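Reading through the structure tokens given below for one structure.
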Amino acid sequence: MMGRIKSEFGKIVLKSENEVDLSDEVKGFIKDVEKYDFIRLSLPDINGIHLSKLLPTRFAKKLAMGQVEMYSGSIAFGPRFEMISIPEVVERKHINSVLKPDFSTLHPCHWISQKNYPYTQKDNNMFLNGEEDGKYSFCSVLCDIYWPNNQPMYAYPRFVAQRLIKELEDKYNLRLYSAFEPEFRAFVKGSYESSCLEPKSNDVIQFIDLKKPIPWTNFRDMYRTSLLSVYENYFADIDYNMQLAGIDIQDYSNEDGEGQLECPLIPTWGLSAADNYFILKQAVKEIGTKHGMEISFMTTPLLDSSSSGCHYNHSLWYSDNNRNAFYDDKDPDRLSTLARHWIGGILEHLPAMLAVSCPTVNCYRRLHKHLAPSCVNWDFHDRYVSVRVKNFNEKQTYIENRIPSSASCSYHVLAATIAAGLDGLERQIHPPPSGLKLANGQIGACKVLPNTIQQALHSLMDDKILVNKLGADFVDWYIQVKKNGDLSSLGHLNIHDNTEETLAYERYEYFNFM
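All the letters of the sequence shown, read from the start, carry residue numbers 17 to 530 under the working numbering.
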């Protein structure tokens, strides 16, 4: 490749790629990448699905200079690759766009190897130096996607989150400190395929041969050591590999459902909270494969069993004095006025937020059930509300957004939470009284959350303030992908009929990739 520079006489001359002046930051990135054999270029699509290209690291300079491309429409397919005609992509004749790496997200993928065993006892330096036969070393970097004219693709989820974090900092001098609390399921490897029905197939034999996916453990005894011990080597492998990738996990546990697991992340600042969960989500699947497991973040893969969520814990801190903006020791509840306005904004927009926080048809099997969100409410320390405040002292005062499902995209959840909270600050929205509940399951003072993704999408489209905050490009692309992706395949289903056949169609759509 040749670069364009001006000579001292003002004429344009060509300059070879090797002669282009590189900043110290770019040189450092190239040097770090070249320690490995291959690099994954990773990014989320509109569904939150993990996309990648694999690049030999001999092309690290090409990557650093923004010369690696990907099809522009790649972030806007349906969950099972349903083709979506996005006008902005069609008008540009389906051109490629440019991937630009975020240097700060470079991390080793120590768990990837040709050999089928984990590396819990291996020395990382020996691994990277290639002293183990039959292995290649891998790293990964998160990328942002730009149109060829260097304009950001504004519908891209990571851009949406970045923009709102910056708005929060610029307007209010506030920094976001947050973490995700993911739940997921472990199944016996190979048992998933026979549990699915392809929505557009009329093959009767499919239904006759239908089986259920087999959970890795069949008991529902949360925290029992005899069950936890079954997963300890798997958890240890996750922990070791995530530590190498710079991601810290608070603890590990078996949850209430068969094969249901949880590993809450340690809070971090800004966008890194979403990045960390995005990286973790793919890693636990791949590490699970090495342990003979099939890992799924599908919200409800089994009938009559617990669904999986992904609570989002967050607080805001003033940049100038590093004080928790949610805490007020003079308030009887130790909760600041700013925090109440933030909660007011979230509750104001909660039905619309649901559309991006519960992004699949299947997610709505989780809601309106035991310990799951059902209406627009909040309280202190209460597991039965949608927004829970935990406030013990300044360091331990934060808000738990309980509506996201395990299938949610971390960038969507973070962005929607900030967007709603910002509106609460701007309009000084006071939340309703804490502790409101449905009376005997009936609508009372508490507004009921949408019951299907169709209802949630309507709430999103009707919420002009949230659409404006998230960005019209993102919301438009997202709704197109949902309507012409998931709903084109599953929109005819009644997810509340509680039948294996209906759930089998949903497993085909979501089990493996969400």
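Idealized CB from N, CA, C, for every residue including glycine.
Just so we're clear, the structure is a prediction, and the values are computed from it rather than from any experiment.
For the alpha helix (DSSP H) containing residue 45, name the first residue and the last one. 40-49 is the span of the alpha helix (DSSP H), which, as asked, contains residue 45.
Touching by the beta-carbon criterion (3+ pairs, under 8 Å), the stretch 337-352 and the stretch 462-473: Taking 8 Å as the limit for Cβ pairs, the verdict is that the stretch 462-473 does not touch the stretch 337-352.
Exposed or buried, residue 353, counting other C-beta atoms within 10 Å across all chains shown (16 or more means buried)? Counting Cβ neighbours within 10 Å, residue 353 comes out exposed, since fewer than 16 surround it.
Using the beta-carbon count (16 or more within 10 Å), is residue 501 buried or exposed? Result: buried.
Based on the DSSP output, what are the partners of residue 325 in its beta bridges? Note: residue 325 sits in a beta bridge opposite 421.
Identity of the residue in 249, 252 and 423 nearest residue 328 by Cα: Considering only alpha carbons, the answer is 423.
Here's a check: name, in chain order, each residue in its chain whose Cβ is nearer than 6 Å to the Cβ of residue 355, leaving out the five neighbours to either side. So the qualifying residues of the chain are 342.
Alpha carbon to alpha carbon, how far is residue 478 from residue 446? Give it in angstroms, no decimals. Going from the Cα of residue 446 to the Cα of residue 478 covers about 21 Å.
Does DSSP put residue 116 in a helix, a strand or coil? Residue 116 falls in the strand class under three-state DSSP.
Buried or exposed (CB count within 10 angstroms, at least 16 for buried), residue 152: With fewer than 16 other CB atoms across the displayed protein chains lying within 10 angstroms of its CB, residue 152 is exposed.
So the candidates are 163, 301 and 127; which of them puts its Cα closest to the Cα of residue 204? The shortest Cα separation from residue 204 among 163, 301 and 127 belongs to 301.
Taking the CB atoms as reference points, tell me whether residue 319 and residue 274 lie closer together than 8 Å. The beta carbons of residue 319 and residue 274 sit no closer together than 8 Å.
Reference residue 154, options 374, 80, 266 and 128, closest by Cα: Of the candidates 374, 80, 266 and 128, the one whose C-alpha sits nearest the C-alpha of residue 154 is 128.
Determine the direct distance from the alpha carbon of residue 461 to that of residue 159, and round the result to whole angstroms. For residue 159 and residue 461, the gap between their C-alpha atoms comes out near 45 Å.
So residue 363 is in the alpha helix (DSSP H); what residue range does that whole segment cover? Start and end: 353-373.
Using DSSP's beta-bridge definition, name the partner residues of residue 155. When DSSP reads this structure, residue 155 sits in a beta bridge with 55 and 124.
I'd like the span of the beta strand (DSSP E) that includes residue 311, first residue to last. Residue 311 -> beta strand (DSSP E) spans 309-312.
Is it buried or exposed, residue 181, if we count other Cβ atoms within 10 angstroms and call 16 or more buried? In this structure residue 181 is buried. Its beta-carbon is surrounded by 16 or more other beta-carbon atoms within 10 angstroms.
Taking the C-alpha atoms as reference points, what is the distance between residue 493 and residue 239? Distance between the alpha carbons of residue 493 and residue 239 is about 41 Å.
Beta-ladder partner(s) of residue 276, from DSSP: Residue 276 is bridged to 201.
Considering just the uninterrupted stretch of the beta strand (DSSP E) at residue 98, what are its terminal residues? Element bounds for residue 98: n/a, residue is neither H nor E.
Contacts around residue 487, its chain only, beta-carbon distance under 8 Å, and the 5 residues preceding and following it disregarded: Setting aside the 5 residues that flank it on each side, residue 487 is surrounded in the same chain by 170, 171, 176 and 179, each with a C-beta closer than 8 Å to its C-beta; the list follows chain order.
What's the call for residue 394, buried or exposed, on a 16-neighbour Cβ count within 10 Å? A residue is called buried once 16 or more other Cβ atoms fall within 10 Å of its Cβ, and residue 394 is buried on that count.
Return helix, strand or coil for residue 350, following the three-state DSSP convention. Correct three-state label for residue 350: coil.
Output needed for residue 184: all residues of its chain with C-beta closer than 7 Å, excluding positions within five of it in sequence on either side, in chain order. Taken in chain order, the residues that qualify are 190, 192, 434 and 438.
Where residue 401 sits in the DSSP three-state scheme: Here residue 401 carries a coil assignment [DSSP, helix/strand/coil].
Residues in the same chain with beta-carbon distance under 7 Å from residue 141, minus the five sequence neighbours each way, listed in chain order, please. Because the pLDDT of residue 141 is 47, which lies under 50, any placement of that residue in the model is unreliable, and the number read from its coordinates should be weighed accordingly. Excluding residues within five positions, none has a Cβ falling inside 7 Å.
Taking the beta strand (DSSP E) that residue 84 belongs to, which residues open and close that run? Here the beta strand (DSSP E) through residue 84 covers 84-87.
Could you name the residues of the same chain whose beta carbon sits closer than 8 Å to that of residue 132, not counting the 5 residues immediately before and after it, in chain order? Low confidence applies here, because residue 132 scores a pLDDT of 41, under 50, leaving its location unreliable; read the following figure in that light. The beta carbon of residue 132 sits closer than 8 Å to the beta carbons of 306 from its chain, once the five residues preceding and following it are set aside; these are given in chain order.
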